[in-house]
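Respectively, the protein sequence lines represent chains A and B.
Final position of the first sequence in the numbering used here is 224; the numbers increase by one with none missing.
Final position of the second sequence in the numbering used here is 1257; the numbers increase by one with none missing.
One structure is given below, encoded as structure tokens.
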Amino acid sequence: MLFELRDVSLNRGGRTVLDSFSADLPAGVTAIVGPSGAGKSTLLRLLNRLADPDVGSIEFRGEPLSELEPRRLRREVSLVPQLPALLEGTVRDNLAYAAHLARKPLDCERSLSLAGLDPEFAGRRVNELSVGEQQRAMLGRALAQEPAVLLLDEPTSALDHASRDAVEAALMHLRRELEISLVLVSHDPEQARRLGEWVVRVEAGRAIAAGPAAEVLPASGSAP
Amino acid sequence: MSTSIHVTPGEVAASLALVALAAAISFWRKADLERDIGIATVRSFVQLTAIGYAIKLIFEADTLWLVFALLTVMVLFGALTARSRAKRVPGSFWPLLIALAVAGASTLGLVVALGVFEASARYLVPVGGMVIGNAMTASAVALNRLGDEMADSRARIEATLALGASAEEAAQPTVRRALRSGMITLVDSTKTTGLIFFPGTMVGMLLAGAEPTDAVRLQLILLYTLLGSVSIAALVATLLAYRNFFTPAEQLREPDA
């Protein structure tokens, strides 16, 4: 099992964000789906220790997350946040920085191609990119670290249909090309169905269902 | 030529007309600073009068222990005052206290060691006051900027941490800008000194009847000393304070935590 979460609870600012959340996330593509404010993004932050739960346990490949060195974990389990947040400079600068942190040789062209961006974007300054391009540059930056797991927080929420399709195609291509697991947060059950092999449904900070996509998500067009 | 002048209480009272003007401008333009101007005026009067008598006693006693005690009190109050300008920085008191103490001790130690000033109350008290006062302003500005920048840059800092960067690496651009903010005011005013403003020491010496060349030389020494002290204070304050935004597990703390 990739991640095992047991009775994970987290409060922030007097609000319960996660409430005895328990679920298993296997290797492959897992989609975490649920309405806004259900605690999905917080869940991703816990998986690479940008935050720790108040109570409960999380294991990564059988090891308690709290015993793993956060920096090493984050290079192996890379989070791509919902909003693009690139460093100043060019796309290449960003990829080079990420590769340097992971002590990996930089193959800028390959990382950008895998992220669905033309390699000519390497020399572009990040403030000249559209949101969709920035989102893919963020993905490329994470891939430059050659992580074992990618955590993707609503990777297409700010995009139009064409850009969304491009990112989704890039993710499916990634899954085929690399031995990489994806944990993807989405508010859109259709996207979860398109991309997810395993789906966890989240509501009000709790996992209400988990299993293969076809079992957990109602058939397209039927009432939720 | 006399090297001292006598200022009467009446002359001090007359200068309050300018304070009234400042309050009137604030009231007229709704800047909402009348209360602050009032507090500043009363505090400056009380504090300077008190320190005037304290300095008189210290000069007469001329023991370095009293000088040390006075400068320690200045460092303490400086840190407390600067803390109120760095509200968005968690636990800012200790970084500020250490920054002011290090800036004061190293700068004064250096100017004494270099033979610029002799180690006596007559030199250490006024120079120490200027050094600590300017260090306080610089570190308060630096930490104020640090607090604002950390809040504005949360997304970028977290995204950098998420790549496996250390807290130091993730905060580096923010810390650099905060340090720059703390130093830039004095650097800029040093560039323009003599051209578009006369610094206080030089004005004071000229009013007291000193030779202009002496006034200029002393002013230059003080400006260069202050450049050193504000740099040290801003550096120490930012380097110690940025860590308070992070947990030991290199996580960005919640703003209200």
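Beta carbons are placed, not taken as given, at the ideal position from N, Cα and C, and that holds for glycine.
Item, Value
"Is there a Cβ of chain A sitting closer than 9 Å to that of Pro1173/B, yes or no?", "yes"
"I'd like the list of long-range same chain contacts for Arg1088/B, defined as Cβ closer than 7 Å, with 5 residues on each side in sequence excluded.", "Gly1147, Asp1148, Ala1151"
"With three or more C-beta pairs closer than 8 Å as the rule, is the segment 74 to 88 of chain A touching the segment 1183 to 1196 of chain B?", "no"
"Tell me the DSSP bridge mates of Asp153/A?", "Val185/A"
"Below 9 Å between beta carbons: does that hold for Phe1093/B and Ala1079/B?", "yes"
"Can you tell me the Cβ-Cβ gap for Leu1100/B and Met1136/B, rounded? I've got them flagged as a contact below 8 Å.", "6 Å"
"Please state if the CB of Gly1128/B and the CB of Leu1070/B are separated by a distance shorter than 9 Å.", "yes"
"How about Glu1168/B: is its C-beta nearer than 9 Å to some C-beta of chain A?", "no"
"Applying the 10 Å Cβ sphere with the 16-neighbour rule, what's the burial state of Leu1057/B?", "exposed"
"Out of curiosity, what's the CA-to-CA distance linking Ser1231/B and Leu1240/B?", "14 Å"
"Spatial neighbours of Arg124/A within its chain, please: CB distance less than 7 Å, with the 5 preceding and 5 following residues excluded, ordered by chain position.", "Thr90, Val91"
"By DSSP's criteria, Ala229/A is part of a beta bridge. Which residues make up the other side?", "In this structure chain A extends from 1 to 224, so residue 229/A is not present and cannot be described."
"I'd like to confirm the pairing. Which residues does DSSP put opposite Ala207/A in its beta bridges?", "Val202/A"
"Under 9 Å between beta-carbons, which chain A residues line up against Glu1158/B? List them in chain order, please.", "Arg45, Leu50, Leu79, Pro81, Ala85"
"Can you pull out the residues from the segment 1200 to 1228 of chain B whose beta carbon lies closer than 7 Å to at least one beta carbon of chain A?", "none"
"Between which two residues does the beta strand (DSSP E) holding Leu79/A run?", "77 to 80"
"Counting contacts by CB-CB distance shorter than 9 Å, is Leu1163/B in contact with chain A?", "yes"
"Need the endpoints of the beta strand (DSSP E) that Ser57/A sits in, please.", "55 to 60"
"Could you tell me which chain B residues have their CB closer than 8 Å to the CB of Ala102/A, listed as they occur along the chain?", "Leu1163, Gly1164"
"Should Glu1149/B be flagged as near chain D, meaning a C-beta pair shorter than 9 Å?", "Note that chain D does not occur in the displayed structure, where the protein chains are A and B."
"Span of the alpha helix (DSSP H) holding Thr1225/B?", "1212 to 1241"
"Count the other CB atoms within 10 Å of the CB of Asp296/A; is the residue buried (16 or more) or exposed (fewer)?", "Coverage of chain A is limited to positions 1 through 224, which leaves residue 296/A absent and any answer about it impossible."
"Considering Thr1137/B, what are the terminal residues of the alpha helix (DSSP H) in which it resides?", "1121 to 1152"
"Rounding to the nearest angstrom, what Cα-Cα distance links Glu215/A and Gln135/A in this structure?", "31 Å"
"Flag this pair as yes or no: are the beta carbons of Asp1214/B and Arg1122/B separated by less than 9 Å?", "no"
"Taking the beta carbon of Ser1002/B as the centre, do at least 16 other beta carbons fall within 10 Å, making it buried, or is it exposed?", "The predicted model places Ser1002/B with a pLDDT of 45, which falls under 50 and marks its position as unreliable; any figure quoted below should be read in that light. Exposed, because fewer than 16 other Cβ atoms sit within 10 Å of the Cβ of Ser1002/B."
"Following the continuous beta strand (DSSP E) through Val126/A, name the residue where it begins and the one where it ends.", "Note, Val126/A: premise wrong, no beta strand (DSSP E); not H, not E."
"Is the Cβ of Gln1047/B closer than 9 Å to any Cβ of chain A?", "no"
"If Ala1014/B and Ile1037/B are in contact, beta carbons under 8 Å, what's the gap, nearest whole angstrom?", "At roughly 17 Å, the Cβ-Cβ gap does not stay under 8 Å, so Ala1014/B and Ile1037/B are not in contact."
"Would Pro64/A count as contacting chain B if we go by Cβ distances under 9 Å?", "no"
"What residues in its chain sit with their C-beta under 8 Å from that of Pro1090/B, if we drop five residues either side in the sequence?", "Asn1244, Phe1245, Arg1253, Ala1257"
"Going by alpha carbons, who is nearest to Ala1170/B out of Asp19/A, Leu86/A, Asp188/A?", "Leu86/A"
"Please determine if the segment 205 to 214 of chain A and the segment 13 to 23 of chain A are in contact, where contact requires at least 3 C-beta pairs separated by less than 8 Å.", "yes"
"Taking Cβ-Cβ distances shorter than 8 Å, what residues in chain B pair up with Gln135/A?", "By Cβ distance, chain B contributes nothing, its closest Cβ being about 12 Å from Gln135/A, past 8 Å."
"I want to see whether chain B comes within less than 9 Å of Pro35/A, judged by CB atoms only; does it?", "no"
"Under the rule that 16 or more other beta-carbon atoms within 10 Å means buried, what is Phe1117/B, buried or exposed?", "buried"
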